[in-house]
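J.:
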Amino acid sequence: MPDLYFYNSYTRQKEKFEPITPGYAGLYVCGPTVSGESHMGHARPYITFDVVQRYLKHLGYKVRYVRNITDAGHFEEEGREAVDKVNEKAKLEKMEPMELVHKYTMLYRQGMKLFNCEDPAIEPTATGHIIEQISMIETIIEKGYAYEVNGSVYFDVNKYAASYPYGKLSGRVLEDQLETTRELDGQEEKRDKADFALWKSAPPQHIMRWKSPWGEGFPGWHIECSAMSSKYLGETFDIHGGGMDLQFPHHESEIAQSTIAHGHPPVRYWMHNNMITINGKKMGKSYNNQIKLSELFSGNHPMLQQAYHPMVIRFYILQTHYRSTLDFSNEALQASERAFRRLWEAYELLNKLPATAGETAADSELDAKVAQWCRECEEFMCDDFNTAKVLANLFELAPVINGIKGGQVSGKALSATTVALMKDTFHVFLEEILGMQAMQAQQTDKLDKALSLLIEIRSDAKKRKDFATSDQIRNKLASAGIMLKDEKDGTVSYTVE
RNA sequence: GGUCGGAUGGCCGAGUGGCUAGGCACAGCUCUGCAAAAGCUGCUACAGCGGUUCGAAUCCGCUUUCGACCUCCA
Numbered sequence: 000m001p002d003l004y005f006y007n008s009y010t011r012q013k014e015k016f017e018p019i020t021p022g023y024a025g026l027y028v029c030g031p032t033v034s035g036e037s038h039m040g041h042a043r044p045y046i047t048f049d050v051v052q053r054y055l056k057h058l059g060y061k062v063r064y065v066r067n068i069t070d071a072g073h074f075e076e077e078g079r080e081a082v083d084k085v086n087e088k089a090k091l092e093k094m095e096p097m098e099l100v101h102k103y104t105m106l107y108r109q110g111m112k113l114f115n116c117e118d119p120a121i122e123p124t125a126t127g128h129i130i131e132q133i134s135m136i137e138t139i140i141e142k143g144y145a146y147e148v149n150g151s152v153y154f155d156v157n158k159y160a161a162s163y164p165y166g167k168l169s170g171r172v173l174e175d176q177l178e179t180t181r182e183l184d185g186q187e188e189k190r191d192k193a194d195f196a197l198w199k200s201a202p203p204q205h206i207m208r209w210k211s212p213w214g215e216g217f218p219g220w221h222i223e224c225s226a227m228s229s230k231y232l233g234e235t236f237d238i239h240g241g242g243m244d245l246q247f248p249h250h251e252s253e254i255a256q257s258t259i260a261h262g263h264p265p266v267r268y269w270m271h272n273n274m275i276t277i278n279g280k281k282m283g284k285s286y287n288n289q290i291k292l293s294e295l296f297s298g299n300h301p302m303l304q305q306a307y308h309p310m311v312i313r314f315y316i317l318q319t320h321y322r323s324t325l326d327f328s329n330e331a332l333q334a335s336e337r338a339f340r341r342l343w344e345a346y347e348l349l350n351k352l353p354a355t356a357g358e359t360a361a362d363s364e365l366d367a368k369v370a371q372w373c374r375e376c377e378e379f380m381c382d383d384f385n386t387a388k389v390l391a392n393l394f395e396l397a398p399v400i401n402g403i404k405g406g407q408v409s410g411k412a413l414s415a416t417t418v419a420l421m422k423d424t425f426h427v428f429l430e431e432i433l434g435m436q437a438m439q440a441q442q443t444d445k446l447d448k449a450l451s452l453l454i455e456i457r458s459d460a461k462k463r464k465d466f467a468t469s470d471q472i473r474n475k476l477a478s479a480g481i482m483l484k485d486e487k488d489g490t491v492s493y494t495v496e
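Just so we're aligned: 323 in numbering that gives the first Met the number 0 is position 324 of the first sequence, and the numbers increase by one with no gaps anywhere.
1) Evaluate G489 with the Cβ neighbour count: other Cβ atoms within 10 Å of its Cβ, from every protein chain shown; 16 or more gives buried, anything less gives exposed.
2) Out of N278, R340, Y107 and R66, state which residue places its alpha-carbon closest to the alpha-carbon of N35.
3) Inspect the beta-carbon positions of L390 and Q318 and report whether they are closer than 7 Å.
4) Would you give the residue range spanned by the alpha helix (DSSP H) that I46 belongs to?
5) Please classify V172 as buried or exposed, where buried requires at least 16 other C-beta atoms within 10 Å of its C-beta.
6) Quick one: what's got a C-beta closer than 7 Å to Y159's C-beta in the same chain, skipping five residues either side?
7) Going straight from the alpha carbon of N329 to that of I238, what length do you get?
8) If contact is defined by three or more beta carbon pairs under 8 Å, each pair taking one atom from either stretch, is the stretch 201-214 in contact with the stretch 277-289?
9) Among residues of its own chain, excluding the 5 on either side of T180, which ones have a beta-carbon nearer than 7 Å to its beta-carbon?
10) What is the DSSP secondary structure of S478, counted as helix, strand or coil?
11) Taking the straight line between their C-alpha atoms, what separation do you get for S478 and E496?
12) Rounded C-beta distance between R11 and N272? I'm assuming under 8 Å.
13) Could you check which residue in M270, E375, L429 and S228 has the C-alpha nearest to that of H261?
14) Rounded C-beta distance between I121 and Y268? I'm assuming under 8 Å.
15) If we require 3 or more residues per run, which beta strand (DSSP E) segments fall completely within the stretch 291-356?
16) Do you know how far the Cα of T424 is from the Cα of G150?
17) Taking contact to mean at least 3 C-beta pairs separated by less than 8 Å, is the stretch 409-427 in contact with the stretch 344-352?
18) Cα separation between P264 and E358?
19) Starting from D237, trace the alpha helix (DSSP H) both ways and give me its first and last residue.
20) Can you confirm whether the stretch 402-417 touches the stretch 360-370 when touching is taken to mean that 3 or more C-beta pairs between the two stretches lie within less than 8 Å?
21) Measure the C-alpha to C-alpha separation of Y9 and H250 and round it to an integer number of angstroms.
22) Under 7 Å, do K199 and G216 count as touching if we go by C-beta distance?
23) Going by DSSP, what residue range makes up the beta strand (DSSP E) through Y103?
24) Can you look up I206 in the DSSP assignment and give me helix, strand or coil?
25) Which residues in the same chain have their Cβ closer than 6 Å to the Cβ of A460, if we skip the five residues on either side of it in sequence?
26) In terms of residues, what are the limits of the alpha helix (DSSP H) holding H261?
27) How about K56 and V62: do their beta carbons lie closer than 7 Å?
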């Protein structure tokens, strides 16, 4: 197993991955808050960490991948207030919190499936772990790092900071925070502005509420991840991932809570993906500039000229290193679509390549280069999951494959071993690790037979130099989204959009 | 205001001291009835100004500029 290095946000440097239990890897990733439809910005962490967990598996680790769903809090849908239980008559007209959460959870899962993200091993919900959260809060109170006020419980950040490195993850100084923290709801209850809520007392109109030792209320935002990650991965686990915008206060708070509750920090390696920007600004709730996944897939958005296949989005995201910002534009997506189409066609061609290569390579220089491009893929992934470089190398291979097919490169140029290595590299890295898959559905036999007939008729017409007929067939099929290609060897292939 | 991170060719984007990715677009050529595809070739950039060095996109300083976080946020 090669050594895997990646950037640990906590130490701000690349580190060698050494799991707590040899052969096993625990990965926790902050999932979405399901109070609205997922947008493109959400796609980034889930695709990024899908590749991370796929790669860990590829290296031979037994991976437990946990990704939560945040379904607790104060939810309402735009223009539709959550139902007020007191007003029973309105019940069916209004949105039940559970209905809302369910709707967006299903949409999110559907999106993940379209992106070919593998399901996490466990997908815990915040509402399903209220007991665990309450119990953790009790422990923190017992240890003297939290206090109750009017049915709410707050974490004592100052006390914590006196003996632990609060702010290390997000690189900030507590004193600076104090001066700049703005007025927030319930601020007057806190002993200090830096304190954060572990449990919030629910006002009467608040629908999501649970019984607790401190009265009816609901959990604070940060405690769910601490409770669920420790439950399923242990009090200390290997990797915690999420978007950079969660570093503070969410992850910083997680560290503080867990450190007090369990007596030691929760996470060995922190990983954060960078943001997707649009016109240079972060795509997000507060900017009101999201492009929803459904809009992306349908093309139904002012900024989009066309619909984009989920695989194009996945490819687009993986072409950039996960720690760089990725600026969105319609042009960039179009470029990705063309690029991915070309790469995938080369891959399909490679799989169909006849095994005519001999044991020795006629072009040893090319053979060596190809072998090197293939081998480097592993190095690139082991160096902070550099998917951009992996794709660049696969693109180096594309002209070789196309050249063999087109006759510009001799079929004997590469050794049989190298051809096999190339096939293996594409399959393992493009499909298994990067998780790319074909954009088009498999052709059915019936379609294939019908097209074979048309191709045959067209070939006959061409033989008679009846180009009017042959072009008519080609053009009409093209306008139906079926592209015919006259190959060099006289055969005709087709692609369906 | 505080903290942090960027500024790379027409566009998107890798890259931490010399070997100067890759994609898209563009131009020429090859192939071709035409087209598409494919192949070959070309386009050689690192915000500005200083400094370190034999040598810097890469290290240091300053300037300009953009952004992220500090508040729900992937």
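Note that beta-carbon positions come from the ideal geometry of N, C-alpha and C, so glycine has one too.
Bear in mind the structure is a predicted one, so any value in this text is a computation, not a measurement.
T.: Let me spell this out:
1) exposed
2) Per the sequence shown, the amino acid found at residue 35 is Gly instead of Asn. Selection N278, R340, Y107 and R66 evaluated against G35 yields Y107 as nearest (Cα-Cα).
3) yes
4) M39 to H57
5) Note on V172: under 16 other CB atoms within 10 angstroms of its CB, so exposed under the neighbour-count rule.
6) Y144, Y165, A255 and I259
7) 34 Å
8) The answer is no - the stretch 201-214 does not touch the stretch 277-289, with fewer than three Cβ pairs under 8 Å.
9) No answer about T180 holds up, because its pLDDT of 46 lies below 50 and its placement is not dependable.
10) helix
11) 11 Å
12) The distance from the Cβ of R11 to that of N272 is about 16 Å, inconsistent with a contact at the 8 Å cut-off.
13) S228
14) Contact doesn't hold; Cβ gap of about 19 Å is too wide.
15) 325-327
16) Per the coordinates, the alpha-carbon of G150 lies some 58 Å from the alpha-carbon of T424.
17) yes
18) 55 Å
19) Unbroken run through D237 is the beta strand (DSSP E), F236 to G242; no alpha helix (DSSP H).
20) yes
21) Between Y9 and H250, the C-alpha separation is close to 10 Å.
22) yes
23) In this chain, Y103 is not harboured by any beta strand (DSSP E); it is covered by the alpha helix (DSSP H) spanning P96 to L113.
24) coil
25) T468 and S469
26) E251 to H261
27) yes
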